[in-house]
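Residue numbers (the numbering used here), protein chains in the order written: chain A, 1154 to 1711; chain B, 18 to 148.
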């Protein structure tokens, strides 16, 4: 990036500076740590200079926003053109209660919806299944049928607002609920927009809400890719997620490497099926975490964009849109403290700022009370306002990729990219992504990092404000969200009535057709849509697939 | 030689958040206890059955889904029914302050929120284990 003569001059001056300025000063006023490290345990130097990025070629490696390799952003105007989507992940109790929360959030300036489902829904069980005991509406909304989906979005303009749904094992079925609901409301399926998470690989790796074994799961996902680009062209049929990998305790580098590695695995499976990369790749999206180390997070997003563009190009993508890594970000839930919960607002602000400086397309900011319970209305509003302050007041949106060219940021971006490729070599040696999952490689890497991090906190090698330093012994005064106690009963009654009132012969027929198709190799989406249109429940539809595909049991590694 | 404290670390219900359970399992092992980890998606029956089979002194329950008032209590009830009230039960996860006294009454002797020092859990177990 700089000519050789100039570089030599800088090198000499920097070396002089170290000898005559830095080291004498350090001797007199020692630094407060022997070694400075980021959250991936990379050692950070006191200063970065043009020497650290001399190997980079501006036009080739950094370039311009909206152009390959998209390091500086996927859009030429970035937030000057359009702000990121304010999308708060939300859902609890019954469809009625969550519908109210969505309207509240939209009224307060939210620009996209994001559905959190409860555990039974995530595992494809109806609310009245024995394994749903105690879980109804606890960490998300319970959606057992198209009926519930109708209530969830009643009065919400789903032809205009986009919806992201955090659903994986039964993603195809829940997506079908959404499509069917739109169709029943007279909305063309070609205009609805949103995202299904649909990322099963990170479920095996970290989040653990899997249902079926890997092979049939991958088949279902490729089915949604194909159905998506043909029928629901504005839908992101996957959100390849590092968020949960990070929450499970990975480092930032592991999050980057494992997630983008998963992304490429999906591309390979879809291509193996015979899908054309430029047909489905434009609808692949990503989801990352925003944790505490500010610059490391920014570098992570930038590196992710460049790696993805490079790799997709290598795989033969020609359309510029196929090369774009579009991603949602959520601030790190695992960084929130139950101690002094109000100070989480400050943590979240910094994390959200990192996501914005890293160029996110969409953002969720956590609420201050989430280490204790589901967020109260006020806590969610403050979280949303945090995004609005960044967008409207901070001035960081005035220019594209404002940290691009920083010696430190560019060095770190490059370093994270390099370490990503090193991880991929390790995975390759294990035989690829699925064998690495089966051998517990990712799980062990993550558990080791999580334990090391925890021990460092306990030894005060890392300071967490309010946890191992600056503690207070005070009663916690956080208003806790109260849920409607009648919700579960209402939901179960609705299910009973639904099973009685619908055309059960038709339901049976559709479920049998799905069973037959699942045993073959047709795309299952049309069959699933028929099932849900006839009001087959989530549990019933999923059970058919459980019967055919079997269930996954993971090796318990700690 | 004194028998080591035997602990069953268990994940009841559908919740898949296992970071805390795994960290605690390791920390207890590093503190010299014998640790059995159930893995995910356990019913109360499965947990109590394992507790009996493995003859444990302590059951540590981890749950972040919010279903603790049902699922933790299922486990303590069933332990009592099986005559295992001597087993020390502790729990952790996303547990609001106001639920802690109710859980204690139901037999969960110690509740540990996010941000707990692992040594505090070790000390609590050593002090309260009944054997």
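Every residue, glycine too, gets a C-beta built ideally from N, C-alpha and C.
Own chain residues within Cβ distance below 8 Å of residue i, not counting five before or after
| i | result |
| --- | --- |
| residue 1525 (chain A) | 1491, 1494, 1629, 1631, 1633 |
| residue 1314 (chain A) | 1259, 1264, 1265, 1266 |
| residue 1593 (chain A) | 1708, 1710 |
| residue 1577 (chain A) | 1410, 1414 |
| residue 37 (chain B) | 79, 81, 109, 110, 131 |
CB-CB length for residue i against residue j, believed under 8 Å
| i | j | result |
| --- | --- | --- |
| residue 1397 (chain A) | residue 1240 (chain A) | Residue 1397 (chain A) to residue 1240 (chain A), Cβ: 17 Å. No contact. |
| residue 1539 (chain A) | residue 1518 (chain A) | 5 Å |
| residue 1606 (chain A) | residue 1448 (chain A) | At roughly 18 Å, the Cβ-Cβ gap does not stay under 8 Å, so residue 1606 (chain A) and residue 1448 (chain A) are not in contact. |
| residue 99 (chain B) | residue 73 (chain B) | Residue 99 (chain B) to residue 73 (chain B), Cβ: 12 Å. No contact. |
| residue 1441 (chain A) | residue 1486 (chain A) | Going by Cβ atoms, the distance from residue 1441 (chain A) to residue 1486 (chain A) rounds to 13 Å, so no, they are not a contact pair. |
| residue 1295 (chain A) | residue 1274 (chain A) | 6 Å |
| residue 51 (chain B) | residue 24 (chain B) | 7 Å |
| residue 1520 (chain A) | residue 1528 (chain A) | 3 Å |
| residue 1653 (chain A) | residue 1687 (chain A) | The pair is not a contact, with the Cβ atoms about 14 Å apart (cut-off 8 Å). |
Same chain, Cβ closer than 6 Å to residue i, neighbours up to 5 away in sequence not counted
| i | result |
| --- | --- |
| residue 1389 (chain A) | 1348, 1436, 1438 |
| residue 1433 (chain A) | 1378, 1382, 1423 |
| residue 60 (chain B) | none |
| residue 1193 (chain A) | 1404, 1405, 1406 |
| residue 1471 (chain A) | 1431 |
| residue 1666 (chain A) | 1680 |
Alpha-carbon spacing of residue i relative to residue j, whole angstroms
| i | j | result |
| --- | --- | --- |
| residue 43 (chain B) | residue 108 (chain B) | 16 Å |
| residue 1226 (chain A) | residue 32 (chain B) | 36 Å |
| residue 1309 (chain A) | residue 1217 (chain A) | 38 Å |
| residue 1564 (chain A) | residue 1206 (chain A) | 6 Å |
| residue 1292 (chain A) | residue 1245 (chain A) | 6 Å |
| residue 1350 (chain A) | residue 1392 (chain A) | 4 Å |
| residue 1376 (chain A) | residue 1286 (chain A) | 32 Å |
| residue 1236 (chain A) | residue 1544 (chain A) | 7 Å |
| residue 1468 (chain A) | residue 1339 (chain A) | 39 Å |
| residue 1316 (chain A) | residue 19 (chain B) | 59 Å |
| residue 1427 (chain A) | residue 1670 (chain A) | 19 Å |
| residue 1305 (chain A) | residue 1256 (chain A) | 10 Å |
| residue 119 (chain B) | residue 112 (chain B) | 11 Å |
| residue 1655 (chain A) | residue 1649 (chain A) | 10 Å |
| residue 1610 (chain A) | residue 40 (chain B) | 13 Å |
| residue 1498 (chain A) | residue 1199 (chain A) | 29 Å |
| residue 1279 (chain A) | residue 1651 (chain A) | 12 Å |
| residue 1581 (chain A) | residue 1372 (chain A) | 22 Å |
| residue 1170 (chain A) | residue 1215 (chain A) | 28 Å |
| residue 1668 (chain A) | residue 1238 (chain A) | 39 Å |
Beta-carbon proximity list for residue i, same chain, < 7 Å, skipping 5 on both sides
| i | result |
| --- | --- |
| residue 1418 (chain A) | 1354, 1586 |
| residue 1599 (chain A) | 1359, 1398, 1401, 1402, 1403, 1407 |
| residue 1164 (chain A) | 1204 |
| residue 1384 (chain A) | 1342 |
| residue 1459 (chain A) | 1222, 1223, 1224, 1570 |
| residue 125 (chain B) | 89, 93, 106, 107, 108 |
| residue 1311 (chain A) | 1335, 1340, 1345 |
Residues that DSSP places opposite residue i in a beta bridge
| i | result |
| --- | --- |
| residue 1391 (chain A) | A:1437 |
| residue 1240 (chain A) | A:1265 |
| residue 105 (chain B) | B:75 |
| residue 1317 (chain A) | A:1267, A:1348 |
| residue 1483 (chain A) | A:1442, A:1517 |
| residue 59 (chain B) | B:29 |
| residue 23 (chain B) | B:51 |
| residue 1294 (chain A) | A:1246, A:1270 |
| residue 129 (chain B) | B:109 |
| residue 1618 (chain A) | A:1622 |
| residue 1196 (chain A) | A:1190 |
| residue 80 (chain B) | B:110 |
Buried/exposed call for residue i, threshold 16 Cβ in 10 Å
| i | result |
| --- | --- |
| residue 115 (chain B) | exposed |
| residue 1616 (chain A) | exposed |
| residue 1168 (chain A) | exposed |
| residue 1208 (chain A) | exposed |
| residue 1625 (chain A) | exposed |
| residue 1454 (chain A) | buried |
| residue 1695 (chain A) | buried |
| residue 1188 (chain A) | exposed |
| residue 79 (chain B) | buried |
| residue 1251 (chain A) | buried |
| residue 57 (chain B) | buried |
| residue 104 (chain B) | buried |
| residue 1173 (chain A) | exposed |
| residue 85 (chain B) | buried |
| residue 1231 (chain A) | buried |
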